[in-house]
Amino acid sequence: MTDSKPEAIPLRRSVAASAMGNATEWFDYGVYAATATYLTDAFFPGDLGTLGTMLGFAVSFVLRPLGGMVWGPLGDRLGRKVVLATTILLMAAATGCIGLLPTHAQIGWLAPVLLIALRVVQGFSTGGEYGGAATYLAECANDRKRGFLGSFLEFGTLGGFVGGSAVVLLCQLVFGSAAMHDWGWRIPFLFAVPLGLIGWYLRSHLDESPVFTEVADQPHPPGGLREVVTTYRRETLTLVGLVVALNVVNYTLLTYQPTYLKNTIGVGESTTTAMMLIGQLVMMIVLPLFGRLSDRVGRRPLWLVSLVGLAVLALPMYWLMGRGTGWAITGFIVLGLLYIPQLATISSTFPAIFPTHVRYAGFALGYNVSTAVFGGTAPLVNEAAIESTGWSLFPAAYLVGASLIGLVAWSFLRETAGTSLRGTAVPEAGHLPSPIAAQAAV
Numbered sequence: 067m068t069d070s071k072p073e074a075i076p077l078r079r080s081v082a083a084s085a086m087g088n089a090t091e092w093f094d095y096g097v098y099a100a101t102a103t104y105l106t107d108a109f110f111p112g113d114l115g116t117l118g119t120m121l122g123f124a125v126s127f128v129l130r131p132l133g134g135m136v137w138g139p140l141g142d143r144l145g146r147k148v149v150l151a152t153t154i155l156l157m158a159a160a161t162g163c164i165g166l167l168p169t170h171a172q173i174g175w176l177a178p179v180l181l182i183a184l185r186v187v188q189g190f191s192t193g194g195e196y197g198g199a200a201t202y203l204a205e206c207a208n209d210r211k212r213g214f215l216g217s218f219l220e221f222g223t224l225g226g227f228v229g230g231s232a233v234v235l236l237c238q239l240v241f242g243s244a245a246m247h248d249w250g251w252r253i254p255f256l257f258a259v260p261l262g263l264i265g266w267y268l269r270s271h272l273d274e275s276p277v278f279t280e281v282a283d284q285p286h287p288p289g290g291l292r293e294v295v296t297t298y299r300r301e302t303l304t305l306v307g308l309v310v311a312l313n314v315v316n317y318t319l320l321t322y323q324p325t326y327l328k329n330t331i332g333v334g335e336s337t338t339t340a341m342m343l344i345g346q347l348v349m350m351i352v353l354p355l356f357g358r359l360s361d362r363v364g365r366r367p368l369w370l371v372s373l374v375g376l377a378v379l380a381l382p383m384y385w386l387m388g389r390g391t392g393w394a395i396t397g398f399i400v401l402g403l404l405y406i407p408q409l410a411t412i413s414s415t416f417p418a419i420f421p422t423h424v425r426y427a428g429f430a431l432g433y434n435v436s437t438a439v440f441g442g443t444a445p446l447v448n449e450a451a452i453e454s455t456g457w458s459l460f461p462a463a464y465l466v467g468a469s470l471i472g473l474v475a476w477s478f479l480r481e482t483a484g485t486s487l488r489g490t491a492v493p494e495a496g497h498l499p500s501p502i503a504a505q506a507a508v
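Dropping the structure here:
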């Protein structure tokens with residue numbers, strides 16, 4: 067047996083606490099994306115209003131690398147648990163405060179400044195949130211089930227997006243367009259406060275990662291950022307390249323898409339929100355399936371299929387989106403399904419790139435630097451390129467370029483399915499379990 071019965075409940079609690087924190091983080095991004103048109107009217111009136119809103123989204127990512135540089139080494143030194151409990155509180159508080167901000171009509175230029183400031187706080191806390199949650203969950207999971215269990219962290223990601231979109235859609239249907247533009251947009255942001263408190267409670271009652279505790283109790287090599295960028299340069303650059311592909315696709319499909327559909331294709335507000343909701347629900351359903359598949363066939367084959375598929379089909383699917391609402395839904399679902407093999411295996415692939423004593427710092431640094439440059443800026447880059455060139459297929463070309471960068475990084479990625487994460491050495495290439503062992507692990 068791979069897991070004894072007494073360990074099952076703590077493991078389920080670890081999965082739930084990690085996923086809940088991720089859901090809170092991405093609830094904010096989902097709400098921000100779905101309320102982008104309302105935020106433009108409230109904070110960025112004028113001809114460049116949409117760009118201002120996209121800048122408000124992107125600026126939160128500027129602080130993510132700094133957050134990673136602070137939270138990552140702390141997580142490797144003090145433990146995963148204490149950092150994760152702190153970051154979720156910061157994230158929820160900043161999100162809730164956005165729902166209380168006065169608008170540009172009330173206090174002028176100070177309104178967008180305050181919005182940007184809260185986005186900075188969110189970015190700083192997020193710099194330690196995601197890497198820590200993925201690291202903690204990967205270190206708690208059984209080696210043979212890491213892909214399956216880790217996929218639930220991304221289930222929380224899409225759950226946050228779906229929850230944010232669903233709350234906005236419900237408010238649109240209940241209050242109507244006029245009320246949403248006036249005050250209704252505030253309500254979805256306020257929902258983050260109780261979500262954050264629940265997540266904090268779950269995380270504060272977790273046990274520390276056994277892999278971290280084992281290393282912390284024994285003499286081990288030095289950690290910290292210097293060790294990451296000097297000794298583990300290859301691992302860091304591999305992670306950075308994979309995250310370029312991952313996050314350009316993520317923030318183009320899941321964040322910029324509502325703005326793209328409304329401004330470029332002319333799809334209505336409620337229709338756009340409903341379409342995003344349907345696509346994300348489909349993605350959530352198949353996430354655990356791909357996570358389990360990665361435990362059987364490995365992480366590298368799934369990443370290869372995803373990267374090649376996106377590089378080949380991004381342009382045809384975006385062209386299809388311009389043919390009407392039904393085709394737009396089809397194109398979005400196809401690209402979303404191609405993206406799922408990456409999303410489902412983040413939490414099992416990325417933590418396994420680094421050894422235990424620098425795992426949190428290496429993940430947080432590489433992930434957040436790449437996300438700040440290529441992820442959070444994706445909506446801004448896409449919108450600016452379309453406005454300046456008039457080429458509505460630019461987001462597809464952007465996806466193709468990012469996928470090609472990801473393919474280069476993929477060539478340096480070690481296979482770690484089934485490999486132990488214990489110790490202070492880089493996890494070696496894993497040996498996939500036999501069909502009988504894989505079935506027993508499930």
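Here the sequence shown stands for residues 67 to 508, where the numbers follow my numbering. Backbone N, C-alpha and C fix where the C-beta goes; we use that ideal spot for every residue, glycine too.
Span of the alpha helix (DSSP H), counted from its first residue to its last, around residue i
i	result
Asp107	Ala102 to Phe109
Pro480	Note that residue 480 is Arg in the sequence shown here, rather than Pro. No alpha helix (DSSP H) contains Arg480, which DSSP labels as neither H nor E.
His170	His170 to Ile173
Trp266	Ala258 to Ser270
Asp361	Glu335 to Val363
Gln408	Thr391 to Thr415
Glu329	This sequence places Asn at residue 329; Glu is not what is there. Neither: Asn329 is in no alpha helix (DSSP H) and is coded neither H nor E.
Trp251	Trp251 -> no alpha helix (DSSP H), and no H or E assigned at all.
Ala282	Pro276 to Ala282
Thr116	Gly115 to Val125
Arg292	Leu291 to Thr297
Asp273	Note, Asp273: premise wrong, no alpha helix (DSSP H); not H, not E.
Pro139	Arg130 to Leu144
Distance CB(residue i)-CB(residue j) smaller than 8 Å
i	j	result
Ala483	Arg299	no
Gly197	Phe440	no
Ser360	Ser414	yes
Met86	Gly222	yes
Phe227	Tyr95	yes
Ala258	Thr101	no
Thr302	Gly432	yes
Tyr267	Pro445	no
Thr116	Glu449	yes
Pro461	Gly290	no
Ser231	Met383	no
Ala282	Ala468	no
Leu470	Ala380	no
Thr490	Asp209	no
Ala134	Asn316	The question names Ala, but residue 134 in the sequence shown is Gly. Cβ atoms of Gly134 and Asn316: not closer than 8 Å.
Ser275	Arg362	no
Gln24	Ser372	Coverage of the chain is limited to positions 67 through 508, which leaves residue 24 absent and any answer about it impossible.
Glu280	Arg488	yes
Gly442	Phe123	yes
Leu219	Ala207	no
Buried versus exposed, by CB contacts within 10 Å (16 or more), residue i
i	result
Glu202	According to the sequence shown, residue 202 is Tyr rather than Glu. Its Cβ being crowded by 16 or more others within 10 Å, Tyr202 is buried.
Ser477	exposed
Ser70	Note that Ser70 scores a pLDDT of 39, beneath 50, so its modelled location is shaky; the value from the coordinates is reported in the next line. Its Cβ having fewer than 16 others within 10 Å, Ser70 is exposed.
Pro72	Since pLDDT at Pro72 reaches only 37, below the 50 mark, its modelled position is unreliable, and the value read off the structure follows with that caveat. Answer is exposed; the Cβ neighbour count stays below 16.
Gln346	buried
Glu205	buried
Gln505	Residue placement at Gln505 cannot be trusted, given a pLDDT of 39 that sits under 50; what the coordinates show is reported in the next sentence. Gln505 is exposed by the Cβ-count criterion.
His423	buried
Ile351	exposed
Ile502	Any answer about Ile502 is weak, because its pLDDT of 34 lies below 50 and its placement is not dependable; what the coordinates show is given next. The residue is exposed, with fewer than 16 neighbouring Cβ atoms inside 10 Å.
Ile395	buried
Ala245	exposed
Asp142	buried
Arg389	exposed
Gln284	exposed
Ile412	buried
Val55	Residue 55 cannot be examined here, being either before or after the span of the chain that is shown, 67 to 508.
Thr455	exposed
Gly242	exposed
Arg78	exposed
Supposed contact pair residue j and residue i - C-beta distance, whole angstroms, cut 8 Å
i	j	result
Ile331	Met387	6 Å
Phe109	Thr169	6 Å
Pro493	Ala410	Rounded, the Cβ-Cβ distance is 19 Å, inconsistent with contact.
Val125	Gly194	So it is not a contact: roughly 18 Å between Cβ atoms.
Ala438	Phe214	Not a contact, Cβ separation roughly 30 Å.
Ala475	Gly307	3 Å
Gly357	Phe255	Between Phe255 and Gly357 the Cβ distance is about 31 Å, and since that is not below 8 Å, they are no contact.
Leu121	Phe190	Incorrect: roughly 17 Å between the Cβ atoms, too far for contact.
Ala177	Leu184	Not really, about 11 Å apart at Cβ, beyond 8 Å.
Cutoff 8 Å: residue i Cβ touching any chain B Cβ
i	result
Phe123	The structure shown contains no chain B, having only a single protein chain.
Scan the segment 429-462 and note each continuous alpha helix (DSSP H) run of 4 residues or more that stays entirely inside, going in chain order.
444-455
Quick check on the DSSP output: what are the complete alpha helix (DSSP H) runs of length 4 or more inside the segment 162-249, in order along the chain?
170-173, 176-206 and 212-245
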